[in-house]
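I have placed the structure first, in the form of structure tokens, so that the comments after it can refer back to it.
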Amino acid sequence: MSRQNLWLLGAALGIATVLASALMFFVAVAVALFIVPLARKPGGLAAVSGELTAFGALWLALIARESASGGMLDNATFWAGVGVVPLLIGVTLLIWVLAAPGQRSNHAS
104 MSRQNLWLLG AALGIATVLA SALMFFVAVA VALFIVPLAR KPGGLAAVSG
154 ELTAFGALWL ALIARESASG GMLDNATFWA GVGVVPLLIG VTLLIWVLAA
204 PGQRSNHAS
């Protein structure tokens, strides 16, 4: 599977994780764990990057929407951090994967 497809699958899982968090925390964790088989594939770091990037971006978009609609969060800094940290890690992983794609994909098995 190509890195682009793995990234897109990871991004879909990240979005599904945020949506599942509306149901229950354990459902969100179960959905997020679907990344494990993708991460074990060659080039699977791209899938992890996609999941973290999509999760962080969607989470921040939801926090921004809540704030724009006049809603208030008890601890907005913490909840913004829940989105910022995975987003930064996901983007960093994506840059790392794209920096030397031949080296990592040849050694990952």
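Under the numbering used here, the residues of the sequence shown are numbered 104 to 212, in order.
Virtual Cβ for every residue (Gly too), placed ideally from N, Cα, C.
According to DSSP, is residue i helix, strand or coil?
{"i": "Ser105", "result": "coil"}
{"i": "Gly117", "result": "helix"}
{"i": "Pro140", "result": "helix"}
{"i": "Pro145", "result": "coil"}
{"i": "Gly174", "result": "coil"}
{"i": "Leu126", "result": "coil"}
Within this structure, are the beta carbons of residue i and residue j separated by less than 8 Å?
{"i": "Gly117", "j": "Leu155", "result": "yes"}
{"i": "Leu201", "j": "Gly147", "result": "no"}
{"i": "Val134", "j": "Thr120", "result": "yes"}
{"i": "Leu136", "j": "Gly113", "result": "no"}
{"i": "Gly159", "j": "Val187", "result": "yes"}
{"i": "Leu196", "j": "Val130", "result": "no"}
{"i": "Arg106", "j": "Ala157", "result": "no"}
Below 7 Å CB to CB, which residues in the same chain sit around residue i once its five sequence neighbours on both sides are set aside?
{"i": "Trp182", "result": "Ile166 and Leu176"}
{"i": "Val194", "result": "Thr156"}
Among the options, whose alpha-carbon lies nearest the alpha-carbon of residue i?
{"i": "Ser124", "options": "Leu190, Leu197, Leu196 and Val185", "result": "Val185"}
{"i": "Leu161", "options": "Val132, Leu122, Ser105 and Ala171", "result": "Leu122"}
{"i": "Pro145", "options": "Leu126, Ser170 and Met104", "result": "Met104"}
Using C-beta distances below 8 Å, list every residue in its chain close to residue i, excluding the 5 sequence neighbours before and after it, in chain order.
{"i": "Glu169", "result": "Leu176"}
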